[in-house]
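*Asks:*
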Ligand SMILES: Nc1ncnc2c1ncn2[C@@H]1O[C@H](COP(=O)(O)OP(=O)(O)O)[C@@H](O)[C@H]1O
Ligand SMILES: [Mg+2]
């Protein structure tokens, strides 16, 4: 796996307020990476730093092996949390303006603007004023602006925040579409469900610290089971604890959670419970991303 974005031990404070405390991220090339964390976790600070627009105190980072801001700027396309758009311009002119700022000449700026309008499905809106667009379309226009010059890394800071569920969904579908062009996409969100829906890897941040990072499918623990079961007796619990495959056992009122040392012994465990005449109401294998997230964020 190639990591296109790497940060190493990044520290950032605003006055006395520590926003990042030693964050080391590894973002795989060509994937969608979810930067997940509650408000104030430090997502926007990281995004500002790796986009080359925010100073930091300590540590370093690279994008496609490049470390200098002048080299990084062309590799990154950023859609900020509060993207500013020129409401009085037409969509096309708005984009042409930004393409020229990036150094495109007049003709190339128009061609590039039309290309990115197509990418975000706003081609037919090109002569309409930005101010006349719906919320969802404005978000798309923000994406188009960031896609000028085909950046290797597209960074989206909470792109679905404040949108109606159906529009948020269409933005997520657009993100999945953009991935097909092999663009690496960094997607920040405080919503575990949408991150799970579209991301390949995630980094979970809390209070300026990276708590967990990796492929979603690897983070979800598979070697545990949660069983709702009535009539558990101390004696039965004791015997389960002695089984060779049990690493840890948590007892609830009418439930138990067993983590296995290795492999999956769910069938053995359920059979043992049934053989002991216990009634199983339900069972759930593994730990969901939601469990992991709540476990981290819940620890205040
Ligand atoms: N300009 C600023 N001045 C002071 N504190 C800030 C500033 N920007 C962010 N912070 C603080 O830094 C922490 C991280 O903020 P931020 O990176 O915006 O997190 P997130 O994007 O995850 O909500 C928060 O506690 C926030 O209040
Ligand atoms: Mg933010």
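Numbering (this note's numbering), first residue to last: 143 to 442.
Using N, Cα and C, we set each Cβ at its ideal position, and we do this for glycine too.
Computed from a predicted model, the values in this text were never measured in an experiment.
1) Residues bridged to residue 170 by DSSP?
2) Any contact between the stretch 173-187 and the stretch 359-374? By contact I mean 3 or more CB pairs, one from each, below 8 Å.
3) Taking 7 Å as the cut-off, is the CB of residue 224 close to at least one heavy atom of ligand 2?
4) Compare the beta carbon distance of residue 285 and residue 368 with 8 Å and say whether it is the shorter of the two.
5) Just checking residue 185 against ligand 1 - is the residue's beta carbon closer than 7 Å to any of the ligand's heavy atoms?
6) By Cβ distance below 7 Å, which residues in the same chain neighbour residue 258 in space, the five residues on each side in sequence not counted?
7) What would DSSP say about residue 431, mapped onto helix, strand or coil?
8) What is the DSSP secondary structure of residue 381, reduced to helix, strand or coil?
9) Residues in its own chain within less than 7 Å of residue 174 by CB, not counting five upstream and five downstream?
10) Just how far apart, CA to CA, sit residue 469 and residue 277?
11) Please find out if some non-hydrogen atom of ligand 1 comes closer than 7 Å to the beta-carbon of residue 200.
12) When burial is assigned at 16 or more other CB atoms within 10 Å of the CB, is residue 432 buried or exposed?
13) From the DSSP output, which residues share a beta bridge with residue 176?
14) Is residue 272 helix, strand or coil by DSSP?
15) Residue 421: buried (16+ other C-beta within 10 angstroms of its C-beta) or exposed?
16) In chain order, what are the residue ranges of uninterrupted alpha helix (DSSP H) at least 4 long that sit wholly in the stretch 235-290?
17) Please classify residue 300 as buried or exposed, where buried requires at least 16 neighbouring CB atoms within 10 angstroms.
18) Shorter than 7 Å, the distance from the beta carbon of residue 351 to the closest heavy atom of ligand 1, or not?
19) Would residue 221 and residue 297 qualify as a contact pair, given that the criterion is a beta-carbon distance under 8 Å?
20) Using a threshold of 7 Å, is the CB atom of residue 354 nearer than that to any non-hydrogen atom of ligand 1?
21) Provide the residue span of the alpha helix (DSSP H) that contains residue 401, from first to last.
22) Between 260, 205, 274, 417, which has its C-alpha nearest residue 192's C-alpha?
23) Just checking residue 473 against ligand 2 - is the residue's beta carbon closer than 7 Å to any of the ligand's heavy atoms?
24) What's the C-alpha gap between residue 359 and residue 430?
25) Buried or exposed: where does residue 332 fall if 16 or more other Cβ atoms within 10 Å of its Cβ makes it buried?
26) Identify the residues that DSSP records as bridge partners of residue 410: which are they?
27) Please return the same chain residues whose Cβ sits closer than 6 Å to the Cβ of residue 184, not counting the five positions on each side in sequence.
28) Using only alpha-carbon positions, find the residue among 145, 144, 168 that is nearest to residue 152.
29) Assuming residue 374 contacts residue 398 (C-beta within less than 8 Å), just tell me the rounded distance between them.
*Replies:* Inspection of the coordinates gives the following:
1) Residue 170 pairs with 145.
2) Verdict: no, contact absent.
3) Of the heavy atoms belonging to ligand 2, none sits nearer than 7 Å to the Cβ of residue 224.
4) Using a Cβ distance threshold of 8 Å, residue 285 and residue 368 do not count as a contacting pair.
5) Correct: residue 185 has its Cβ closer than 7 Å to ligand 1.
6) Within the same chain, Cβ atoms closer than 7 Å to the Cβ of residue 258 are found at 237, 286, 289, 290, the five residues on either side in sequence being excluded.
7) DSSP places residue 431 in the helix class (H, G or I) of the three-state scheme.
8) Here residue 381 sits in helix by DSSP.
9) Within the same chain, and ignoring the five residues on either side of residue 174 in sequence, the residues whose Cβ sits closer than 7 Å to its Cβ are 317, 321, 327, 329, 340, 341, 342.
10) The requested residue 469 does not occur in the structure, where the chain is confined to residues 143 to 442.
11) Not under cutoff, so the answer is no.
12) Residue 432 comes out exposed.
13) DSSP, once it has assigned bridges, lists 329, 344 as partnering residue 176.
14) Residue 272 carries a helical assignment under DSSP once its states are collapsed to helix, strand and coil.
15) Its Cβ having fewer than 16 others within 10 Å, residue 421 is exposed.
16) Taking 4 residues as the minimum length, the alpha helix (DSSP H) runs contained wholly in the stretch 235-290 are 248-261, 277-289, in order along the chain.
17) By the neighbour-count criterion, in which 16 or more other beta carbons inside 10 Å mark a residue as buried, residue 300 falls on the buried side.
18) Answer for residue 351: no, Cβ out of range of ligand 1.
19) Going by C-beta atoms, residue 221 is nearer than 8 Å to residue 297.
20) Checking the Cβ of residue 354 against ligand 1 gives no.
21) Not the alpha helix (DSSP H): residue 401 falls in the beta strand (DSSP E), residues 397-402.
22) Answer by Cα proximity: 205.
23) Limits of the chain in this structure are 143 at one end and 442 at the other, which puts residue 473 out of reach.
24) Within the model, the alpha-carbon separation for residue 359 versus residue 430 is close to 10 Å.
25) So residue 332 ends up on the buried side.
26) According to DSSP, residue 410 bridges with nothing at all.
27) These residues qualify, in order along the chain: 161, 162, 347, 350.
28) Taking each of 145, 144, 168 in turn and checking the Cα distance to residue 152, the smallest one comes out for 168.
29) The C-beta separation of residue 374 from residue 398 comes to about 7 Å, placing the pair in contact by the 8 Å criterion.
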